[in-house]
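Visitor: Quick one: this structure, given as structure tokens, is what I'll be asking you about.
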Amino acid sequence: MFCNQCEQTAKGTGCNISGVCGKKPEVSALMDNLIFGLKGLSVYANLLRREAGIVDDIVNRYTVEALFSTITNVNFDPERLVKLLKDCQTLIVSTKGLCDNEGVKVPQNEYTTWTPGNDMVEMIEKGNAHGITTWNADPDILSAIEVLLFGIKGIAAYTDHAFILGKKDDSIFGFIHKALAAMTDSSLSLNDYVGLILECGKVNIRAMEILNSGHKEHFGTPVPTPVSFGTKAGKAILVSGHDLLDLEYLLRQTEGKGIFIYTHGEMLPAHGYPELKKYPHLAGNYGSAWQNQQKEFPEFPGAILMTTNCIQKPAESYMNNIFTTGLVAWPGVKHVTRNDFSAVIKRALELPGFPEQPGKDIMVGFGHDAVLGVADKVIEAVKSGGIKHFFLVGGCDGAKPGRNYYTEFAEKVPEDCMILTLACGKYRFNKLEFGDIGGLPRLLDVGQCNDAYSAVQIATALAGAFNCGVNDLPLSFILSWYEQKAVAILLSLFYLGIKNIRLGPSLPAFVSPNVLKFLVENFNIMPVSTPDEDLKAILGK
């Protein structure tokens, strides 16, 4: 195996024995086989859309689910991947038939004639033959292909979240198929891929936009809300991941059962949505970011539900208490659907639950609607000198050494500066006391990773108010990354022309020296150094 798609990849180069995330070699091989098959399927889908105007919703839906399944910390179950591979073959046959019927000519090559293998053993063998180390390409083109691939994986995640809320845009599916099909064309140059990478950033903005719309229409517009980190006396269920719809279904199914629901990780922002916070048994938040679950979950005295990505290998101490739903899978962990969480509820009722325990409250719900609602105060504070600078300090958290940088950076931000934060990286500092500036909290929690859309809207509105570009604002981006959704967000920032981003705790292993040089020359992206050095460079003091 070889996998270098996440920030914690072994030795900073790539996992080649077993994944740091817990991914086994056979799972990695099945995923490599699946990506190869998706490229072939996308050749057919792209040509059907472009030349015959035919769009297959089943192919669209399958493509984003299959891509999302290969994101870090989502699907570790070989059997589930085998099914995806078989489904891919079925869809290739059907799309080929449509192309034949419409007279659409499709080049016959190793991608378009792909078959997954007859059984798991053959599928693994084929996957080993299709991994990244087998791609015969110039190192810089290979790097660009990986950047593009990981970017569309991130888009697929956001598109899937939006889809289940009834939101879709065919231009997003069309780009995903176009991008995957492009990876089969050996005639493309590095410049061609650069163009696709920037387009990927543009399309991801649209994906985050429709997801934001879906969240607001379904759950209401987030409002500033205190969230307790204490516990209530009673039975308990913990919900981790990102999927707000799963949380809503669980809240409905647990009404009147004497069970309190707690959020974990990226589910923390759920407390700011009116249609979720109306449930009195949505009790608060437990624990912190995804990488701490093996320490935090054994101490949770109830059932645990994992939605979307973020699962780690469950310890034996809570193996019987944890459940997966949606695309998340781990061998031996019971899988449930949002239509029937009865098994989760049953287990919660069997376990002891919490005693009453007070805890600290923190504020969430500062999406762009909330912040722009007080834009006049923010603008006046900047003009009067009350606010000297804005820092967006956020992104993915992780276990790799070096992430204490973000805690120290937030602590050292001067008191006349404001901090915007999002995603699970905020757990590094969101319990600290930052005070306020003129009645405005100095720390504003914008939301989940996909709420980078909100952060962009805030920055754009401020730039409009001051009649300048975003790069001219007293605004700095201090970002942490871990997986492929973060890649997609970074590409969106590049598309918007945002410069001087500081990224850490380390740079992606899949970015070649020449591609990095391009990013430095065009966007002045740079690695984080130390909090003191970076603050001095930004503020000049």
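For the sequence shown, this note's numbering assigns the number -18 to the initial residue and increments by one for each residue that follows.
C-beta atoms are modelled at their ideal positions from N, C-alpha and C, and glycine is treated no differently.
Note that the structure is a prediction, hence the values are computed from the model and not measured.
1. Spell out whether any CB of chain B is found under 9 Å from the CB atom of residue 99.
2. May I have a chain-ordered list of the beta strand (DSSP E) segments no shorter than 3 residues that lie completely inside the region 318 to 405?
3. I need the DSSP call for residue 420, collapsed to helix, strand or coil.
4. Whether or not the region 305 to 312 and the region 277 to 291 are in contact is what I'm after, with contact meaning three or more pairs of Cβ atoms, one per stretch, closer than 8 Å; do they touch?
5. Let me make sure I understand the geometry here. Which of 216, 161, 126 has the alpha-carbon closest to that of residue 174?
6. Look up residue 240 in the DSSP assignment and say whether it is helix, strand or coil.
7. Can you determine whether any heavy atom of the ligand ADP sits closer than 8 Å to the C-beta of residue 468, and answer yes or no?
8. Considering residue 105, what are the terminal residues of the alpha helix (DSSP H) in which it resides?
9. Assess, as a yes-or-no matter, whether the region 94 to 105 is touched by the region 58 to 78 under the definition of 3 or more beta carbon pairs within less than 8 Å.
10. Let me make sure I understand the geometry here. Which of 230, 326, 45, 435 has the alpha-carbon closest to that of residue 15?
11. Go to residue 409, then tell me how far its beta strand (DSSP E) extends in each direction, as first and last residue.
12. May I ask you to report which of helix, strand or coil DSSP gives residue 67?
13. My output table needs one value for residue 528: the three-state DSSP class, helix, strand or coil.
14. Tell me the residue span of the alpha helix (DSSP H) that contains residue 446.
15. Straight-line CA distance for residue 392 to residue 131?
16. Does the Cβ of residue -12 have 16 or more other Cβ atoms within 10 Å, making it buried, or fewer, making it exposed?
17. Determine contact between the region 320 to 334 and the region 370 to 377, defined as no fewer than three beta-carbon pairs at a distance below 8 Å.
18. Would a C-beta distance cut-off of 9 Å place residue 283 and residue 214 closer than the cut-off?
19. Using only the alpha-carbon positions, how far apart do residue 186 and residue 152 sit?
20. For residue 277, which residues of its own chain have a beta-carbon under 6 Å away from its beta-carbon, when the five flanking residues on both sides are left out?
21. Using only the alpha-carbon positions, how far apart do residue 328 and residue 335 sit?
22. Helix, strand or coil: how does DSSP classify residue 145 here?
23. Would you mind reading off the limits of the alpha helix (DSSP H) that contains residue 494?
24. Residues in the same chain with beta-carbon distance under 7 Å from residue 79, minus the five sequence neighbours each way, listed in chain order, please.
25. Under a three-way DSSP split, which group does residue 512 fall into?
26. By the DSSP assignment, the beta strand (DSSP E) with residue 207 in it spans what residues?
27. Would residue 298 be called buried (16 or more neighbouring beta carbons within 10 Å of its own) or exposed?
28. Note down the Cα distance separating residue 409 from residue 124, rounded to an integer number of angstroms.
29. Per the contact definition of three or more C-beta pairs closer than 8 Å, is the region 338 to 347 in contact with the region 194 to 213?
30. Does the Cβ of residue 247 have 16 or more other Cβ atoms within 10 Å, making it buried, or fewer, making it exposed?
31. Based on Cα-Cα distance, which residue from 433, 81, 427, 74 lies nearest to residue 467?
32. Below 8 Å on the Cβ atoms is my guess for residue 143 versus residue 192; work out the distance and round it to an integer in Å.
33. Determine the extent of the alpha helix (DSSP H) in which residue 42 is found, giving its start and end residues.
34. To which residues of the same chain is residue 295 closer than 7 Å at the C-beta, ignoring the five residues directly before and after it?
35. Measure the alpha-carbon distance for residue -6 versus residue 365 and round it to whole angstroms.
36. For residue 452, which residues from the same chain have a beta carbon less than 6 Å from its beta carbon, with the 5 sequence-adjacent residues on both sides left out?
Guide: A quick look at the data gives this:
1. Among the protein chains of the structure shown there is no chain B, as only one such chain exists.
2. 342 to 345, 370 to 376, 398 to 403
3. coil
4. yes
5. 126
6. strand
7. With respect to the ligand ADP, the structure shown offers nothing to examine, as it has no ligands at all.
8. Boundaries of the alpha helix (DSSP H) around residue 105: 101 to 110.
9. yes
10. Of 230, 326, 45, 435, the residue nearest in Cα terms is 45.
11. Looking at the DSSP string, residue 409 is not in any beta strand (DSSP E), and its letter there is neither H nor E.
12. helix
13. There is no way to answer for residue 528, as the model of the chain reaches only from -18 to 522.
14. 433 to 446
15. Going by C-alpha positions, residue 392 is about 32 Å away from residue 131.
16. buried
17. Verdict: no, contact absent.
18. no
19. 12 Å
20. 268
21. 14 Å
22. coil
23. 494 to 504
24. 29, 35
25. helix
26. 206 to 209
27. exposed
28. 31 Å
29. yes
30. buried
31. 433
32. In this structure residue 143 touches residue 192 by the C-beta definition: roughly 4 Å separates them, less than 8 Å.
33. 38 to 50
34. 303, 311, 314
35. 48 Å
36. 480
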